[in-house]
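Structure first, then comments.
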């Protein structure tokens, strides 16, 4: 099947008919009551629906071609998106203000997750001091790349080991504005800020496909795949 962008799916009657038919085939095979599926279209089913969409997206991502890992020119460990030994490969001006939804759509015309509308990102506990102590400024960034599927706690522990803190939401936006081509290589995540959608914690990350550059959300209830890069700032 050819790749489809969000607008094509939203306007494609054939897609919806095929999706409904495929879903009902599974329901019949499982002998589940239709009421359990109908509930997904109600307010009470939104949390479950979010999880289903997240899982579908995760499965789709796992099927995408992985970028070829580069190697350093002289010994050392495999290249993981940039050194994390204090030699910051990136630097960008950061404005510590959260843009309105319309501004986000201007910056990421291909797609912005609609749950960004009206949301505010707050720093996680380990980043609260950093978020209060900074003004608009130039920030040096590094990547942390686990090189395997990993939990959020494992990523944060690796950052602690390297004396790094996770980037804030505002820092991710500043990075994306200066380095738009980076998200065309791999997904880039800011673990330093979180927001809630249907009662579940989510963080912001950058994504890209044939339609262009995306600003999306990741539910913290699932693992990160091995191709993700985690944007970090030295403590």
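Numbering (the numbering used here), first residue to last: 37 to 271.
Here a beta-carbon is modelled for each residue, glycine too, at the ideal position from N, C-alpha and C.
1. Could you tell me the distance, in whole angstroms, from the CA atom of residue 64 to the CA atom of residue 71?
2. What residues match up with residue 242 in a beta bridge as DSSP calls it?
3. Give the DSSP-derived three-state secondary structure of residue 67 in the structure shown.
4. Can you name the start and end residues of the alpha helix (DSSP H) that residue 194 belongs to?
5. Three or more beta-carbon pairs under 8 Å between the segment 240–256 and the segment 139–156, yes or no?
6. Which class does residue 162 belong to by DSSP, given the choice of helix, strand or coil?
7. How would you write the range of the alpha helix (DSSP H) that residue 211 sits in, first residue to last?
8. Contact defined as beta carbons within less than 8 Å: I believe residue 128 pairs with residue 211. What is the distance between those atoms, to the nearest angstrom?
9. With C-beta atoms as the reference, is residue 158 less than 9 Å away from residue 234?
10. Give me the residue from 154, 182, 207 with the minimum Cα distance to residue 23.
11. Using 8 Å as the threshold, is the segment 257–265 in touch with the segment 173–191, meaning 3 or more CB pairs across them?
12. Among the candidates 155, 149, 151, whose CA atom is the shortest distance from the CA of residue 134?
13. Using DSSP bridges, identify the partner residues of residue 148.
14. When you compare the segment 187–203 with the segment 212–220, are there three or more beta-carbon pairs, one atom per stretch, that lie closer than 8 Å?
15. Let me know the secondary structure DSSP gives residue 136 once reduced to three states.
16. Applying the criterion that 16 or more other CB atoms from any shown protein chain within 10 Å of the CB defines a buried residue, is residue 152 buried or exposed?
17. At the level of alpha carbons, what is the spacing between residue 213 and residue 269?
This is what the structure gives:
1. Between residue 64 and residue 71, the alpha-carbon positions lie close to 12 Å from each other.
2. DSSP lists 224, 251 as partners of residue 242.
3. If DSSP states are grouped into helix, strand and coil, residue 67 belongs with coil.
4. First-last of the alpha helix (DSSP H) with residue 194: 188–197.
5. Cβ pair count under 8 Å is three or more, so yes.
6. Residue 162 carries a helical assignment under DSSP once its states are collapsed to helix, strand and coil.
7. First-last of the alpha helix (DSSP H) with residue 211: 205–214.
8. At roughly 5 Å, the Cβ-Cβ gap stays under 8 Å, so residue 128 and residue 211 are in contact.
9. It is not a contact, given that the beta carbons lie outside the stated cut-off.
10. In this structure the chain extends from 37 to 271, so residue 23 is not present and cannot be described.
11. Taking one beta carbon from each stretch, the segment 257–265 and the segment 173–191 have 3 or more pairs nearer than 8 Å; the two touch.
12. For residue 134, the nearest C-alpha among the options comes from 155.
13. Residue 148 is bridged to 251.
14. Fewer than three beta-carbon pairs drawn from the segment 187–203 and the segment 212–220 are found closer than 8 Å, and the two stretches are therefore not classed as touching.
15. Correct three-state label for residue 136: coil.
16. Buried, since its Cβ has 16 or more Cβ neighbours within 10 Å.
17. Here the C-alpha atom of residue 213 lies approximately 17 Å from the C-alpha atom of residue 269.
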